[in-house]
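Engineer: According to the numbering used here, the sequence shown holds residues 1395 to 1652 in order. The beta-carbon is built from N, C-alpha and C at its ideal position, and this holds for glycine as well. This structure is a prediction, so every number in the text was calculated from the model and none was measured.
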Amino acid sequence: MIDEAKILDSILASKNYNMLCNDLIKRIISEEAKKFNKEKDIIKHVKNKLHTNVDLFFDNNKINALINSDFKNDACLLELLKAHTSTNERLSIVQEMYFDIFKKCKKISSVLDLGAGLNPIYIPFVPELQNKKYLALDVNNNTTALLNKFFIERNISGEAVSCDILSKVPNEHYDIVFMFKILPLLEKQKKNAAINLINSLDAKYIVITFPTKTVSGRDVNMEQNYTNYFLNLANSNKLKIIFEKNYSNEAVFIIEKI
Ligand SMILES: C[S@@+](CC[C@H](N)C(=O)[O-])C[C@H]1O[C@@H](n2cnc3c(N)ncnc32)[C@H](O)[C@@H]1O
């Protein structure tokens, strides 16, 4: 008999995973427990999944060192944006990208950022993101704690919540939902996760992005592969794409929900 609670404790005892929300770890344990009979095999495969799908992008040591710094200081925020691979990669295109998104999506007063990472830290630098109700969800408790401190110190009407977006998402309406660089990770965590999530959201617009270079900066045809993947997904599920653009290292699609 597999003891899933004991496996959860053993994974939370590792400093590499103790910052992740319990719902995510529990979900992955119960999925892996269907495939393996021995606890040690389950632990190994859960850790592997957590490492490749969640942990890889985040320099936790750097974040922990910066959590007590001055959030009112723009230079400190820039250091934070550089500490997470995804926000670091977005630095050179962020103004153009948000300008394009908000030109296409009008009358936005609420934003839901799924698998947010440190993306909300861009708010003080991007006028289009300001003065909106902003909810950021992420599995990493360190990220959400840091974001809440940032929202308070910058007097932003935002909130960050630790949660596994494949276990539950809010059912209230948001004008726009950001799913930045998260679809491939969700698909690796659970088959058909992307389309099920898109269909379940109550939103007018969903902005979906993909990385077009590897974490180490190599171009391995990611732009073409993700574009083909997403256009197929959109076609077969009758999603209405109203905007599509490739920036230097990120491909952006906007869906209008009908
Ligand atoms: C590649 S990063 C993208 C971060 C951010 N969206 C951006 O582009 O700047 C993926 C993020 O998704 C989060 N994540 C991964 N799986 C998740 C899940 N099941 N539920 C919520 N967040 C998740 C990770 O913690 C990480 O911050």
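#1: Just to check, is the beta-carbon of Leu1529 closer than 7 angstroms to a non-hydrogen atom of ligand 1?
#2: Taking DSSP as the reference, what is the three-state secondary structure of His1478?
#3: What residues in its chain sit with their C-beta under 7 angstroms from that of Met1413, if we drop five residues either side in the sequence?
#4: I'd like to check one pair, Ile1515 with Leu1475: are the Cβ atoms closer than 8 angstroms?
#5: Please classify Val1571 as buried or exposed, where buried requires at least 16 neighbouring CB atoms within 10 angstroms.
#6: What does the alpha-carbon distance come out to for the pair Ile1457 and Ile1502?
#7: Would you call Ile1401 buried or exposed, if buried means 16 or more other Cβ atoms sit within 10 Å of its Cβ?
#8: DSSP on Asp1507, reduced to helix/strand/coil?
#9: Taking Cβ positions, are Leu1529 and Thr1481 nearer each other than 8 angstroms?
#10: Figure out for me which residue from Ser1408, Ser1504, Asp1397 and Leu1472 has the closest Cα to the Cα of Asp1569.
#11: Inspect the beta-carbon positions of Thr1603 and Ala1645 and report whether they are closer than 8 angstroms.
#12: Please state whether the Cβ-Cβ distance between Ile1649 and Tyr1599 is less than 8 angstroms.
#13: Using a threshold of 7 angstroms, is the CB atom of Phe1637 nearer than that to any non-hydrogen atom of ligand 1?
#14: Which term fits Lys1441, buried or exposed, when burial requires 16 or more other beta carbons within 10 angstroms of its beta carbon?
#15: Measuring CA to CA, which of Leu1541, Ile1495, Glu1547 and Ile1546 is closest to Leu1523?
#16: Just the Cα atoms here: how many angstroms apart are Leu1625 and Asn1619?
#17: If you follow the beta strand (DSSP E) that Tyr1599 is in, where does it begin and where does it stop?
#18: Which residues share a DSSP beta bridge with Tyr1568?
Structural biologist: The structure says:
#1: As a working note, residue 1529 is residue 135 in the sequence shown. Result no, Cβ not under 7 angstroms from ligand 1.
#2: Against the sequence shown, residue 1478 aligns to sequence position 84. Strand, per DSSP.
#3: Locating residue 1413 in the sequence shown gives position 19, where the first residue counts as 1. Cβ within range, chain order: Asn1454, Asn1534, Asn1535 and Asn1536.
#4: Working through the sequence shown from its first residue, we reach residue 1475 at position 81. Working through the sequence shown from its first residue, we reach residue 1515 at position 121. Against a cut-off of 8 angstroms, the Cβ pair of Ile1515 and Leu1475 comes out as a contact.
#5: Position 177 of the sequence shown holds residue 1571. By the 10 Å Cβ count, Val1571 comes out buried.
#6: Position 63 of the sequence shown holds residue 1457. Position 108 of the sequence shown holds residue 1502. Their backbone Cα atoms lie some 30 angstroms apart in a straight line.
#7: Translated into the one-based positions of the sequence shown, residue 1401 becomes position 7. That one is buried.
#8: Numbered from its first residue, the sequence shown carries residue 1507 at position 113. In the structure shown, Asp1507 sits in a strand (DSSP, three-state: E or B).
#9: Taking the first residue of the sequence shown as 1, we reach residue 1529 at position 135. Taking the first residue of the sequence shown as 1, we reach residue 1481 at position 87. Cβ atoms of Leu1529 and Thr1481: not closer than 8 angstroms.
#10: Stepping through the sequence shown from its first residue, residue 1569 is reached at position 175. Ranking Ser1408, Ser1504, Asp1397 and Leu1472 by Cα distance to Asp1569 puts Ser1504 first.
#11: Here residue 1603 is taken as the residue at index 209 of the sequence shown, counted from 1. Here residue 1645 is taken as the residue at index 251 of the sequence shown, counted from 1. A contact, by the Cβ cut-off of 8 angstroms.
#12: Stepping through the sequence shown from its first residue, residue 1649 is reached at position 255. Stepping through the sequence shown from its first residue, residue 1599 is reached at position 205. Against a cut-off of 8 angstroms, the Cβ pair of Tyr1599 and Ile1649 comes out as a contact.
#13: Taking the first residue of the sequence shown as position 1, residue 1637 is located at position 243. Incorrect: Phe1637 has no Cβ contact closer than 7 angstroms to ligand 1.
#14: Along the sequence shown, read from residue 1 onward, the residue named residue 1441 stands at position 47. With 16 or more other Cβ atoms within 10 Å, it is buried.
#15: Locating residue 1523 in the sequence shown gives position 129, where the first residue counts as 1. Leu1523 has its Cα closest to that of Ile1495, out of Leu1541, Ile1495, Glu1547 and Ile1546.
#16: By 1-based counting over the sequence shown, the position of residue 1625 is 231. By 1-based counting over the sequence shown, the position of residue 1619 is 225. So the alpha carbons of these two residues sit roughly 10 angstroms apart.
#17: By one-based count along the sequence shown, residue 1599 stands at place 205. Ala1597 to Pro1605 is the span of the beta strand (DSSP E), which, as asked, contains Tyr1599.
#18: Indexing the sequence shown from 1 puts residue 1568 at position 174. Looking at the DSSP assignment, Tyr1568 forms a beta bridge with Ala1597.
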